[in-house]
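Note that the protein sequences, when read in sequence, are chains A and B. Following the working numbering, the numbering of the first sequence begins with 4 at its first residue and continues without gaps. Following the working numbering, the numbering of the second sequence begins with 4 at its first residue and continues without gaps. Contents: one structure, followed by commentary.
There are 2 protein chains.
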Amino acid sequence: MTSWLSEVSWNEDGLVPAIAQDAETGKVLMLAWMNRDALALTAEEGYVVYWSRSRQKLWRKGEQSGHRQKLISLHLDCDQDAVLLKIEQQGGIACHTGRQSCFYRQLIDDKWQTVDPVLKDPATIYV
Amino acid sequence: MTSWLSEVSWNEDGLVPAIAQDAETGKVLMLAWMNRDALALTAEEGYVVYWSRSRQKLWRKGEQSGHRQKLISLHLDCDQDAVLLKIEQQGGIACHTGRQSCFYRQLIDDKWQTVDPVLKDPATIYV
């Protein structure tokens with residue numbers, strides 16, 4: 004393991020939050036988590052690998068859906084406890100609901116309202 | 004407390020990660036944390052309030068520096084465990100190092116390299 008991985012302040016579970024942002028449009032697509040292996044593999048393979056907290060395993064984003072995230076650049080914050088991934092979103096869909104971004108709800112009139120459309124039926128994404 | 008706050012999946016510490024993004028340029032400025040009170044106050048006051056994990060208190064961003072974050076819109080992700088704040092960054096500086104964004108380090112040649120300039124000496128920001 005290379006030393007840049009040791010400069011990340013992993014939390015008590017050995018994880019760091021990772022923001023995925025479309026490198027071209029600037030749209031924030033999702034927030035997920037990475038452990039040391041996930042971050043190392045992301046840099047090595049050039050495609051984003053997260054740590055799935057629910058499944059407790061490495062999650063090569065898009066392994067089922069084909070909606071992989073090609074890494075453009077990798078950034079670390081001042082406290083070294085969050086990373087920002089600028090990526091190219093294959094298929095234009097990051098969210099498992101079939102939307103471009105996971106942040107498709109907006110607070111309007113004290114309600115979370117869905118403001119982004121489903122681009123592809125999840126039933127046809129995960130076959 | 005209004006019900007939209009109850010739709011957020013707070014973690015075991017009662018917190019949720021919050022991404023601050025410049026509403027105009029799309030630049031991701033920082034990731035910090037909010038508890039229920041912080042998120043409620045952010046919506047109420049129209050300026051971003053975080054929960055400082057190091058100081059264990061509410062943190063009205065910019066209370067010392069003047070670099071407040073005016074809330075433009077508030078977004079929730081599919082798992083309801085992360086929020087995205089589109090904001091207007093007063094003073095153009097989000098980071099305590101005097102930089103625009105906290106994500107000023109980029110991985111280049113297996114090293115975290117500082118790629119963004121200090122816009123203002125922190126010593127003159129925090130007086």
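All C-beta atoms in this analysis are idealised placements derived from N, C-alpha and C, irrespective of residue type, glycine included. Everything numeric in this text was worked out from a predicted model, so none of it was measured.
Verify the CB distance criterion: does residue i have a CB-CB separation below 8 Å to chain A?
i: residue 91/B; result: no
i: residue 41/B; result: no
i: residue 70/B; result: no
i: residue 100/B; result: yes
i: residue 85/B; result: yes
i: residue 63/B; result: no
i: residue 124/B; result: no
i: residue 76/B; result: yes
i: residue 109/B; result: yes
i: residue 49/B; result: no
Of all the CB atoms in chain B, is at least one closer than 8 Å to the CB of residue i?
i: residue 33/A; result: yes
i: residue 113/A; result: yes
i: residue 16/A; result: no
i: residue 20/A; result: yes
i: residue 95/A; result: no
i: residue 24/A; result: yes
Out of the options, which one is the CA nearest neighbour of residue i?
i: residue 93/B; options: 86/B, 87/B and 103/B; result: 103/B
i: residue 45/A; options: 117/B, 88/B, 113/B and 63/B; result: 113/B
i: residue 72/A; options: 31/A, 59/A and 12/A; result: 31/A
i: residue 47/B; options: 63/B, 126/B and 55/B; result: 63/B
i: residue 12/B; options: 26/B, 27/B, 22/B and 38/B; result: 38/B
i: residue 26/A; options: 126/A, 120/A, 85/A and 77/A; result: 77/A
i: residue 82/A; options: 83/B, 67/B, 69/B and 108/B; result: 108/B
i: residue 24/B; options: 115/B, 89/B, 121/B and 117/B; result: 89/B
i: residue 123/A; options: 69/A, 86/A and 87/A; result: 69/A
i: residue 9/A; options: 115/B, 125/B, 127/B and 121/B; result: 115/B
Is it buried or exposed, residue i, if we count other Cβ atoms within 10 angstroms and call 16 or more buried?
i: residue 97/B; result: buried
i: residue 58/A; result: exposed
i: residue 35/A; result: buried
i: residue 101/A; result: buried
i: residue 51/A; result: buried
i: residue 111/B; result: exposed
i: residue 55/B; result: exposed
i: residue 126/A; result: exposed
i: residue 53/A; result: buried
Considering only heavy atoms of the ligand FMN, does any lie closer than 7 Å to the CB of residue i?
i: residue 58/B; result: In the structure on display, the ligand FMN does not appear, and there are no ligands present to speak of.
What is the C-beta distance between residue i and residue j, in whole angstroms, given that I count them as a contact (C-beta under 8 Å)?
i: residue 49/B; j: residue 74/B; result: 5 Å
i: residue 80/B; j: residue 106/A; result: 5 Å
**Q.** Entirely enclosed alpha helix (DSSP H) segments - the region 85-119 of chain B, minimum 4 residues
**A.** none
Q: Could you tell me which uninterrupted beta strand (DSSP E) segments, each at least 3 residues in length, are contained entirely in the region 57-83 of chain A, listed from first to last along the chain?
A: 60-63 and 72-79
Q | Every unbroken beta strand (DSSP E) within the region 26-59 of chain A, with a cutoff of 3 residues, ordered by chain | A | 31-37 and 52-55
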